[in-house]
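Everything on this sheet refers to the single structure shown next.
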Amino acid sequence: MKKGFMFIFSLLSIGLCMAQVGINTLAPLSGSVFHIDGAGDNTSSASVTAAQAANDVLIDAKGNIGAGTVTPTAKLHIATTGTTPAMRIADGTQGLNKILRADASGNASWINPPTTDGVIYNITGSTTTSYANNVYNLLKAIQVTNTGNFLVTIRWWGISSSLNTAKQTAAYFYVMQSSSAANVWSTDSPGLQDQVEYYVMPPGDSGRFCFSTSLFARVVAGTYLKVYIRVSIGGPWVIGTSSSTNTTWNPSIVVYRV
1 MKKGFMFIFS
11 LLSIGLCMAQ
21 VGINTLAPLS
31 GSVFHIDGAG
41 DNTSSASVTA
51 AQAANDVLID
61 AKGNIGAGTV
71 TPTAKLHIAT
81 TGTTPAMRIA
91 DGTQGLNKIL
101 RADASGNASW
111 INPPTTDGVI
121 YNITGSTTTS
131 YANNVYNLLK
141 AIQVTNTGNF
151 LVTIRWWGIS
161 SSLNTAKQTA
171 AYFYVMQSSS
181 AANVWSTDSP
191 GLQDQVEYYV
201 MPPGDSGRFC
211 FSTSLFARVV
221 AGTYLKVYIR
231 VSIGGPWVIG
241 TSSSTNTTWN
251 PSIVVYRV
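Here is the structure:
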């Protein structure tokens, strides 16, 4: 009868016991659930020195994992010193200077960093070019080979044939994504990405002026990044009057991938 009572008591007591697993140590840290002492150099379950923790892996009561530390403060806390990397992910896509990117679900993979190289597109021709008031004119269609974000800087140099009573002239610039290189505003307008209206007050009576302005667009590979102009006040705007081929005396468009 006594033996049976002790057996039943021992079964009931199992649920009251807290399990603690220590590997390669007789002194797993107090409060831990799982403790591996790589070098077997821990001597106390009450405290672990930084040198001793450097070769330990531990799971605490919150489920946090520490590697190189016995006091993890995140779900995965890696502490290292010297030349030993904290982490290495070799999935076949790794490479020099690559960066780790996560998708919407948090899955990570290595990718090449985006480049910020700029390309200059000069707006020149064999004769002068005139942009009439309230007409949408295509300045440039640039085929995009890699999906990305683009900073488009317009550097303008030209004249305006007329000004308003305040001696001003202005024009809208538009950047957009399009499936073709054609100059068809009605087709391209749904792909508008950014726009700006720029006002100019040319000095004197020559109507000559220069300025720069920037716009932003996100364009996918296989489509075109297009830049349009529409003179809204005064005009027409004319380029190439000093020289139709000189790149300094004509507009240019600089495109950066950002």
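Position one of the sequence shown corresponds to residue 1 (full-length UniProt numbering), numbered consecutively onward. Backbone N, C-alpha and C fix where the C-beta goes; we use that ideal spot for every residue, glycine too. As the structure is a prediction and not an experimental result, all values here were calculated from the model.
| For Q195, which three-state DSSP category applies? | Strand, per DSSP.
| Assigned secondary structure, S45 (DSSP; H/G/I helix, E/B strand, else coil) | In the structure shown, S45 sits in coil (DSSP, three-state: anything other than H, G, I, E or B).
| field | For T223, the three-state DSSP class (helix, strand or coil) | value | Three-state result, T223: coil.
| S179 burial status per 10 Å Cβ neighbour count (16 or more: buried) | Exposed: under 16 other Cβ atoms inside 10 Å.
| query | When burial is assigned at 16 or more other CB atoms within 10 Å of the CB, is Q177 buried or exposed? | reply | Classification for Q177: buried.
| field | Contacts around S130, its chain only, beta-carbon distance under 6 Å, and the 5 residues preceding and following it disregarded | value | If we look at S130 and ignore the five residues flanking it on each side, its Cβ neighbours are P236, V238.
| Is DSSP giving W110 helix, strand or coil here? | DSSP places W110 in strand when its eight states are reduced to three.
| request: Provide the residue(s) that pair with A170 in DSSP beta bridges, ordered along the chain. | output: Partner(s): Y199, I233.
| query | With distances taken from CA atoms, which of T43, K75, H35 is nearest D56? | reply | Nearest to D56 by alpha-carbon distance, out of T43, K75, H35, is H35.
| query | With a cut-off of 8 Å, do at least 3 Cβ pairs link the segment 94 to 106 to the segment 116 to 123? | reply | Because the criterion of three Cβ pairs below 8 Å is not met, the segment 94 to 106 and the segment 116 to 123 do not touch.
| With 16 other Cβ atoms within 10 Å as the buried cut-off, status of P72 | Around the CB of P72, 16 or more other CB atoms lie within 10 Å, so the residue is classed as buried.
| query | Whose CA, out of Y136, I142, F209, N64, lies closest to the CA of W185? | reply | Each of Y136, I142, F209, N64 was checked against the Cα of W185, and the nearest Cα belongs to Y136.
| field | Alpha carbon of T153 to alpha carbon of A74, nearest angstrom | value | T153 and A74: Cα-Cα distance of roughly 44 Å.
| message | Here's the rule: buried if 16 or more other CB atoms are within 10 angstroms of the residue's CB, otherwise exposed. What is T25? | response | By the beta-carbon neighbour count (other beta carbons within 10 angstroms, threshold 16), T25 is buried.
| the segment 181 to 199 contacting the segment 208 to 224, beta-carbon criterion three pairs below 8 Å | Inter-segment contact for the segment 181 to 199 and the segment 208 to 224 is present: three or more beta-carbon pairs are separated by less than 8 Å.
| query | Hey, would you say S160 sits closer than 8 Å to G234, going by beta carbons? | reply | If you check the CB distance, S160 and G234 come in under 8 Å.
| Which stretch, first to last residue, makes up the beta strand (DSSP E) that contains W157? | From DSSP, the beta strand (DSSP E) with W157 extends over 148 to 160.
| field | Local conformation of S186 per DSSP, three classes | value | When DSSP states are grouped into helix, strand and coil, S186 belongs to the helix group.
| said: Can you tell me where the alpha helix (DSSP H) holding A51 begins and where it ends? | reply: Unbroken alpha helix (DSSP H) run through A51: 50 to 53.
| How close, in whole Å, do the beta carbons of I229 and F173 come, if the pair is a contact with beta carbons under 8 Å? | Correct: roughly 6 Å between the Cβ atoms.
| task | Note the first and the last residue of the continuous beta strand (DSSP E) segment covering L138. | result | Element bounds for L138: 137 to 143.
| said: If I follow the unbroken beta strand (DSSP E) through A61, where does it start and stop? | reply: Boundaries for A61: no beta strand (DSSP E) harbours it, and the DSSP string shows neither H nor E there.
| query | In the structure shown, what three-state DSSP assignment does Q20 receive? | reply | In the structure shown, the three-state DSSP call for Q20 is coil.
| query | Which residues bound the beta strand (DSSP E) around N122? | reply | Per DSSP, N122 belongs to the beta strand (DSSP E) from 118 to 122.
| said: For T247 and I111, what's the separation of their Cα atoms in angstroms? | reply: Straight-line Cα distance between these residues: approximately 37 Å.
| A132 versus V231: straight-line alpha-carbon distance, rounded | Taking the straight line from one Cα to the other gives about 6 Å.
| task | Would you list the one or two residues that DSSP bridges to N133? | result | Answer by DSSP bridge pairing, in chain order: V231.
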